[in-house]
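Q: To start, I am sharing the structure in question, which I have written as structure tokens.
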Amino acid sequence: MKNCNSCGKCCETAGNGGLAATAEEIDWWEMHRPDIARYAQDGKIWIDPDTGDYFARCPWLKRSPDSRKTMCEIYEDRPDECRQYPIDVEQMIRHDCEMLQPFDLKHLKRAQRKLDEIMIDSRPPAGRWP
Ligand code: SF4
Ligand code: SF4
Numbered sequence: 006m007k008n009c010n011s012c013g014k015c016c017e018t019a020g021n022g023g024l025a026a027t028a029e030e031i032d033w034w035e036m037h038r039p040d041i042a043r044y045a046q047d048g049k050i051w052i053d054p055d056t057g058d059y060f061a062r063c064p065w066l067k068r069s070p071d072s073r074k075t076m077c078e079i080y081e082d083r084p085d086e087c088r089q090y091p092i093d094v095e096q097m098i099r100h101d102c103e104m105l106q107p108f109d110l111k112h113l114k115r116a117q118r119k120l121d122e123i124m125i126d127s128r129p130p131a132g133r134w135p
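One gets this note's numbering by counting positions in the sequence shown from 1 and adding 5 to each.
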């Protein structure tokens, strides 16, 4: 398994209600990052304040001029769901995550253990949530 290369495929799934935030996260943004909170409405993200509809694409996702790399404009204060991604190998396969290598696809349990090691500072191992 490779490290994340910032391809942005995961972030491309975050539009149209593909991402969630907790009430606590939204409260925190309201107090400390009103620029982020303005895209939350009725507990949902990311909502266009002008239309009340979901943005089709995450508004914080920026691509490099050659489109190969992406960056998150709110990286330090991004939602926990982004912070904890990827949760499991199935999710990575679904999103065509570029951390996966052919060897991983042949050894899914080993790949999950490797992923849990990589993510050790971001979340509990998959299947061991409190
Ligand atoms: S908030 Fe940042 S990390 Fe989360 S989907 Fe958008 S660009 Fe990606
Ligand atoms: S899809 Fe995978 S490799 Fe691409 S940015 Fe997301 S975590 Fe990184």
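We put the beta carbon where it would ideally sit given N, CA and C, even for glycine.
Under the rule that 16 or more other beta-carbon atoms within 10 Å means buried, what is Ser-9, buried or exposed?
A: According to the sequence displayed, residue 9 carries Cys and not Ser. Cys-9 is exposed by the Cβ-count criterion.
Q: So if DSSP puts Met-36 in a beta bridge, which residue, or which two residues, is it bridged to?
A: DSSP lists no partner for Met-36.
Q: Since I believe Met-6 is in contact with Leu-120 (beta carbons under 8 Å), could you give me their beta-carbon distance rounded to a whole number of angstroms?
A: Leu-120 to Met-6, Cβ: 6 Å. Contact.
Q: With a cut-off of 5 Å, give the chain-ordered residues whose Cβ is closer than this to any heavy atom of ligand 1.
A: Listed along the chain, these residues meet the criterion: Cys-16, Ala-19, Cys-63, Trp-65, Leu-66, Cys-77, Arg-83, Cys-87.
Q: For the beta strand (DSSP E) that contains Leu-66, what are its first and last residues?
A: First-last of the beta strand (DSSP E) with Leu-66: 66-68.
Q: Pick from Trp-34, Thr-56, Gln-96: whose alpha carbon is nearest that of Cys-16?
A: Cys-16 has its Cα closest to that of Gln-96, out of Trp-34, Thr-56, Gln-96.
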